[in-house]
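Inspection log for the structure reproduced underneath, given as structure tokens.
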Amino acid sequence: MDDAFRALADPSRRRLLDRLNDRNGQTLRELCDGLATSRQAVSKHLAVLEAAHLVTSIRRGREKVHYLNAAPINAIADRWLSRYDRERAAALADLSTALERQSMESPAFVYTTYVRTTPQRLWAALTEPAFTRRYWGGVALASDWQVGSPVLWQDTPDGEPRDLGQRVLVAEPYRRLSYSWHGFQPEHAEHFGWSPEQLVARLGERRSKVTFEIEPHGDAAVRLTVVHDDFSPDSEMHRAISGQLDGSGGWPELLASLKTLLETGEPIPA
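1365 is the number of the first residue of the sequence shown in the working numbering; add one for each residue after it.
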């Protein structure tokens, strides 16, 4: 948290975070475009932001793509905003967003966390139904994890696995897993209190995809980066998986439960 505060103290670094917040997933060249700052200076600022875990980068071919990482911001909010009137602060933020929002062309959610485990055990936690049921709130994900295969959802131990249209896109054991994401279901409308018209509007969103990047970190830990992207502009699904809708903890809550399960043997209580 100290590293995050020190990184945020510099206006040039805040400007870079603002640019990633506007359009997540940019190369160094794209971040330098239009700035009166040298490429070398931007690179140094990015190194500080990465060291503070405010930015995470993933190599794509010959270039690195930089993403805003929500984890430290969430930690700061949990520690400080919860001490004050969080609901009032959230209401003001929502009002500001509603007044200023422009449709995001391609919103993305990126989250990096470090887990005391092995790549093999983390892979098992992402792919084995008995594992997923423990931190997905009772939902088991089942697949043979071959490219093109369905990823089935089983809501209860006795329930019939459901095909919600999710398909495996990439499966490189212990390194990388990616699959397409489901659309909204009728139970979401009940959970979030949507009208039939609102549900129909949400059903029109295109399918997104989620990718898990697994990298060894030192001798006893793993760096897990989750990239959820390919959303429709101004996507309600993006807000749901980010934990921005009332009643949705999204990926931050789910990944915290996964980390806790792997490190302590028990997930965060539902």
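Idealized CB from N, CA, C, for every residue including glycine.
Notebook entry, point to check: Near Val-1412, which residues of its chain fall below 7 Å by C-beta distance, leaving aside the five closest residues on each side in sequence?
Noted result: Ala-1371 and Arg-1377
Quick one: Cα of Gly-1425 to Cα of Asp-1366, how far?
33 Å
For this session: Indicate whether the contact test is met: 3 or more Cβ pairs, each with one atom in the stretch 1478-1485 and one in the stretch 1507-1521, closer than 8 Å.
Result: no
Task: Element boundaries [beta strand (DSSP E), containing Glu-1427] - done: 1427-1432
Tell me the DSSP secondary structure of Ala-1494 in three-state form. helix
Extent of the continuous beta strand (DSSP E) to which Gly-1529 belongs: 1526-1536
Hey, could you find the ends of the alpha helix (DSSP H) Ser-1513 is sitting in? That residue, Ser-1513, is in no alpha helix (DSSP H); it is neither H nor E in DSSP.
- Touch check for the stretch 1557-1570 and the stretch 1597-1616: three-plus C-beta pairs under 8 Å? yes
From Asp-1374 to Val-1591, what does the alpha carbon distance come to, in whole angstroms? 26 Å
Assuming Ala-1506 and Phe-1495 are in contact, meaning their beta carbons sit under 8 Å apart, how far apart are those beta carbons, in whole angstroms?
The pair is not a contact, with the Cβ atoms about 11 Å apart (cut-off 8 Å).
* To do: Compare the Cα-Cα distances from Thr-1589 to each of Leu-1418, Leu-1395 and Leu-1410 and report the closest residue.
  => Leu-1418
### Query
Less than 8 Å separating the beta-carbons of Val-1574 and Ser-1542?
yes
For Ala-1584 and Gln-1562, the rounded distance between their alpha carbons
46 Å
Measure the Cβ-Cβ separation of Tyr-1499 and Pro-1616 and say whether it is below 8 Å.
-> no
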